[in-house]
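Order-wise, the sequence lines are chains A and B. Position 53 (the first sequence) corresponds to 52 in numbering that gives the first Met the number 0; numbering is contiguous. Position 80 (the second sequence) corresponds to 79 in numbering that gives the first Met the number 0; numbering is contiguous. Backbone N, C-alpha and C define an ideal beta-carbon position, used for all residues, glycine too. Input: a single structure, listed below in structure tokens.
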Amino acid sequence: MINTNRQLSRRRFLGNVALASAAIAVGPGSWVIRPDWANASEGPIRLGIATDLTGSLGFAGNTDANVARMLVKEINDSGGLLGRPIELLIEDTASDESVAVGNVRKLIQRDKVDLVIGGISSSMRNAIKDVIISRGKTLYIYPEGYEGKECTPYLFCTGPVPAQNCDQFIPWLIKNGGKRFALPGSNYVWPQTINAYARKVIESSGGEIVFEEYYPLDQIDFSSTVSRIISNKVDVVFNAIVPPGVSPFFKQLYQAGFSKNGGRLGCVYYDENFLEMNQAHEIEGLASSLDYYKVLAADDPVSARIQSAYDKQFPAKFRFSAGSAATGTYRGLKLWEAAVKEAGTIDRDAVAAALNHAKIAEGPGGPAEMAPGKRHCKMNMYIGVAKGGQYEIVARSAGLVDPKEC
Amino acid sequence: MDTLLIASFEILSFGAIVVLVVLGLGIIASMMGIFNFAQGEFVLLGAYFTYLVHSVGLPVPFGILAAPVAVGALGFVLEKLVVRRFYAAPIVAMLGTYALGLIIRESVRGLTGGLYLSVPEPISGSISIGSLHFATWRGVIVTITLLVMAASHALLAYTSFGLRVRASLENPSLARAAGISTSMIYSATFAFGAALAGLAGALIVPVFSLFADLGIRFLIQGFVAVMVGGVGSFAGPVAGASLIGTFSAWLPWLMSPVIADVLVFVLAIIFIKLRPQGLISGRGVNR
Numbered sequence: 000m001i002n003t004n005r006q007l008s009r010r011r012f013l014g015n016v017a018l019a020s021a022a023i024a025v026g027p028g029s030w031v032i033r034p035d036w037a038n039a040s041e042g043p044i045r046l047g048i049a050t051d052l053t054g055s056l057g058f059a060g061n062t063d064a065n066v067a068r069m070l071v072k073e074i075n076d077s078g079g080l081l082g083r084p085i086e087l088l089i090e091d092t093a094s095d096e097s098v099a100v101g102n103v104r105k106l107i108q109r110d111k112v113d114l115v116i117g118g119i120s121s122s123m124r125n126a127i128k129d130v131i132i133s134r135g136k137t138l139y140i141y142p143e144g145y146e147g148k149e150c151t152p153y154l155f156c157t158g159p160v161p162a163q164n165c166d167q168f169i170p171w172l173i174k175n176g177g178k179r180f181a182l183p184g185s186n187y188v189w190p191q192t193i194n195a196y197a198r199k200v201i202e203s204s205g206g207e208i209v210f211e212e213y214y215p216l217d218q219i220d221f222s223s224t225v226s227r228i229i230s231n232k233v234d235v236v237f238n239a240i241v242p243p244g245v246s247p248f249f250k251q252l253y254q255a256g257f258s259k260n261g262g263r264l265g266c267v268y269y270d271e272n273f274l275e276m277n278q279a280h281e282i283e284g285l286a287s288s289l290d291y292y293k294v295l296a297a298d299d300p301v302s303a304r305i306q307s308a309y310d311k312q313f314p315a316k317f318r319f320s321a322g323s324a325a326t327g328t329y330r331g332l333k334l335w336e337a338a339v340k341e342a343g344t345i346d347r348d349a350v351a352a353a354l355n356h357a358k359i360a361e362g363p364g365g366p367a368e369m370a371p372g373k374r375h376c377k378m379n380m381y382i383g384v385a386k387g388g389q390y391e392i393v394a395r396s397a398g399l400v401d402p403k404e405c
Numbered sequence: 000m001d002t003l004l005i006a007s008f009e010i011l012s013f014g015a016i017v018v019l020v021v022l023g024l025g026i027i028a029s030m031m032g033i034f035n036f037a038q039g040e041f042v043l044l045g046a047y048f049t050y051l052v053h054s055v056g057l058p059v060p061f062g063i064l065a066a067p068v069a070v071g072a073l074g075f076v077l078e079k080l081v082v083r084r085f086y087a088a089p090i091v092a093m094l095g096t097y098a099l100g101l102i103i104r105e106s107v108r109g110l111t112g113g114l115y116l117s118v119p120e121p122i123s124g125s126i127s128i129g130s131l132h133f134a135t136w137r138g139v140i141v142t143i144t145l146l147v148m149a150a151s152h153a154l155l156a157y158t159s160f161g162l163r164v165r166a167s168l169e170n171p172s173l174a175r176a177a178g179i180s181t182s183m184i185y186s187a188t189f190a191f192g193a194a195l196a197g198l199a200g201a202l203i204v205p206v207f208s209l210f211a212d213l214g215i216r217f218l219i220q221g222f223v224a225v226m227v228g229g230v231g232s233f234a235g236p237v238a239g240a241s242l243i244g245t246f247s248a249w250l251p252w253l254m255s256p257v258i259a260d261v262l263v264f265v266l267a268i269i270f271i272k273l274r275p276q277g278l279i280s281g282r283g284v285n286r
């Protein structure tokens, strides 16, 4: 009796191991979306999306994957690319670089994709770019707004960079806030780099910097910072603190009477997702600088069409917003489509050469084009101000803004 | 002088928040002898429950009152189903409760879509004295923390339930021989610790907003507080939490916050090295 029990459990154990290893091999975080038609002579073009579907950046990664699903469906429904359908392969990078490298390697080595779009944080981009570009000999598009300075060949960036975030925004803040700036930020690469750029623009626009300070990423109590801001009579807080600290920071600033006394909050990455972090009155008047806001749909028919198509297909909680890299993903995929059409092939060098000067006439927030030789994207920029829990567009760039990178 | 007043209030209020979070952790660690790594997620659940109540349109204070009951009930069930299997092996208990915490955290992340969500304070605004502003809700948290601390101490030190808890900790087999159902007492103690975490979560969610990693932030601080304060007594973790909370809110006033963050842990390690038994070395509950 005892013996048979043991054998049974060993057999069950082996069965479980087999099941588990099968699950690991297949990868629980992978999705393959096959087109519903095929090209007889050649297989489908394979598009890899490597993004954070789970973990702390899941809210953004799921949006990006949804944007890719929407666009691939549109392209396939209208006849595909070069007469071939697109097969979409989505891998989870799980907000964790070590998991990501393995999963991206699957996209490159097993699935042999023709393009990878993805990565949200800069550390993620740095972790996976080598796998994709050097060892993988594949094209890589990074869609998120970031600190700039990424000049690797075959890596194209389609989100806004500091020059686009700051050049229009800081003079506006000086005019609509004041000259005395505080630059608080979380202690990692993006806040440090964007503050260094902002410092130059502030000083050349006639503003002054009262203090610049960095905080541990998980700090959630900012009483000493708030007290310094109030006692130094700061006019503008140019915030580069990221969640989770940013919400208690803004709340403490509000409670200390910063906005009541005429202070202005500026924060370049704040999109619709972040408005919910605080109650509307706590961040009333907060200004941000992005390439897209949902309210643009009111006066731009293209943005309205994209926004409503997305909302119709994905009515769940993952919003189509600039900070989630949804706009960068849209732009990236459409620019790549234009480049493939021009090149007439999916060969990496030919597509990269065409992508170098690719243009799209329609995108969220307006048209976009690559700055030739820079591998960064020119786009329209807008300044939005939070009013009653919504953004109101108060300024827009005169035409496409140059990224000034590389 | 003005800055000193503001600073004292802010430091006191953050100290109170840490005490509130650590109280449940300390009670479970001291009275049951296991480290509950899911404690941070019980805080998160309290916060999430309050958000749920708010999002269906009920008043926030109702959520704050109901959160400890809901989280306590869940703690009771989890103790019966999972945690009690680990009493013989405290190290395994850490891993087991960590796994529980992971499941709770990722479930909440799924439910909130990974977003950060705000919950309004039941009593908002600030009290202004001259040019100084004191956040009212932080004042409320300080008051409630003091009350909860006193009530928990009274419960453990002066009631017959407290006597049974202490008996079960001191000598489980003798307690059983004396007719105390130790397994029931363990369940109740665990549920009580979970309920305190739920209350803490409900009270702090208006300050920090709701996000899936809310608990982790406090978990590490909480463990350092318990180590510094000393495991085994009621007063130890409370004293440790006040010390750690005060230091981590006070040091950023004096130096760069990045250095302050590290320094708190360095000081804690040095302190534990010099005084391994912690601030308060006694066992049980002093009357």
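Would residue i pass as a contact of residue j if the rule is Cβ separation under 8 angstroms?
i: A/T137; j: A/R347; result: yes
i: B/A238; j: B/G228; result: yes
i: A/V431; j: A/Q163; result: An answer regarding residue 431 of chain A cannot be provided, because it is not within the stretch 0 to 405 covered by chain A.
i: B/V21; j: B/L155; result: no
i: B/L242; j: B/I140; result: no
i: A/A353; j: A/A370; result: no
i: B/I103; j: B/L44; result: yes
i: B/F13; j: B/G244; result: yes
What in chain A is Cβ-close to residue i, meaning under 8 angstroms?
i: B/Y97; result: The contacting residues do not exist; B/Y97 stays about 17 angstroms from chain A at best.
i: B/R216; result: D217, I219, P243
i: B/S13; result: Reading off the sequence shown, one finds Phe at residue 13 of chain B, where the question assumed Ser. Within 8 angstroms Cβ-Cβ: D220, S222.
i: B/T158; result: Neighbours of B/T158 on chain A: none; closest Cβ ~35 angstroms, over 8 angstroms.
i: B/A6; result: S222, S223, S226
Pull up the CB-CB distance for residue i and residue j, whole angstroms please, since I reckon it's below 8 angstroms.
i: B/F115; j: B/F210; result: The sequence given here has Tyr at residue 115 of chain B, not Phe. Correct: roughly 5 angstroms between the Cβ atoms.
i: A/W30; j: A/I127; result: So it is not a contact: roughly 18 angstroms between Cβ atoms.
i: A/G118; j: A/T92; result: 7 angstroms
i: B/A248; j: A/S222; result: 7 angstroms
Should residue i be flagged as near chain A, meaning a C-beta pair shorter than 8 angstroms?
i: B/S241; result: no
i: B/S208; result: yes
i: B/S125; result: yes
i: B/G113; result: yes
i: B/P119; result: yes
i: B/V265; result: no
i: B/L116; result: yes
i: B/R305; result: One cannot answer for residue 305 of chain B here, as it falls past the ends of chain B, which runs 0 to 286.
i: B/V223; result: no
i: B/P60; result: no
i: B/V68; result: no
i: B/E9; result: yes
Listing by chain order, which chain B residues have their CB less than 8 angstroms from the CB of residue i?
i: A/F319; result: Neighbours of A/F319 on chain B: none; closest Cβ ~14 angstroms, over 8 angstroms.
i: A/Y309; result: Residues of chain B passing the Cβ test: none, with the nearest at roughly 15 angstroms.
i: A/E448; result: With chain A running from 0 to 405 in the structure shown, residue 448 of chain A is simply not present.
With a cut-off of 8 angstroms, does the C-beta of residue i fall near any C-beta of chain B?
i: A/N277; result: yes
i: A/A24; result: Residue placement at A/A24 cannot be trusted, given a pLDDT of 49 that sits under 50; the coordinates are not used to answer.
i: A/Y390; result: no
i: A/S323; result: no
i: A/E149; result: no
i: A/N272; result: yes
i: A/E143; result: no
i: A/A385; result: no
Show which residues of chain A have a CB atom less than 7 angstroms away from the CB atom of residue i.
i: B/H132; result: Q254, A255, G256
i: B/P251; result: S223
i: B/T2; result: S226, S230
Could you have a look at residue i and say whether DSSP puts it in helix, strand or coil?
i: B/Q158; result: The sequence given here places Thr at residue 158 of chain B; Gln does not occur at that position. Coil at B/T158, not helix or strand.
i: B/G124; result: coil
i: A/D91; result: strand
i: A/E404; result: coil
i: B/V17; result: helix
i: B/R83; result: helix
i: B/M93; result: helix
i: A/C150; result: coil
i: A/V25; result: Because A/V25 sits at a pLDDT of 49, beneath the cut-off of 50, its placement in the model cannot be relied upon, and the following sentence gives the value as read from the coordinates. It is helical.
Give the residues of chain A in contact with residue i, contact being defined as C-beta atoms less than 9 angstroms apart.
i: B/A248; result: D220, S222, S223
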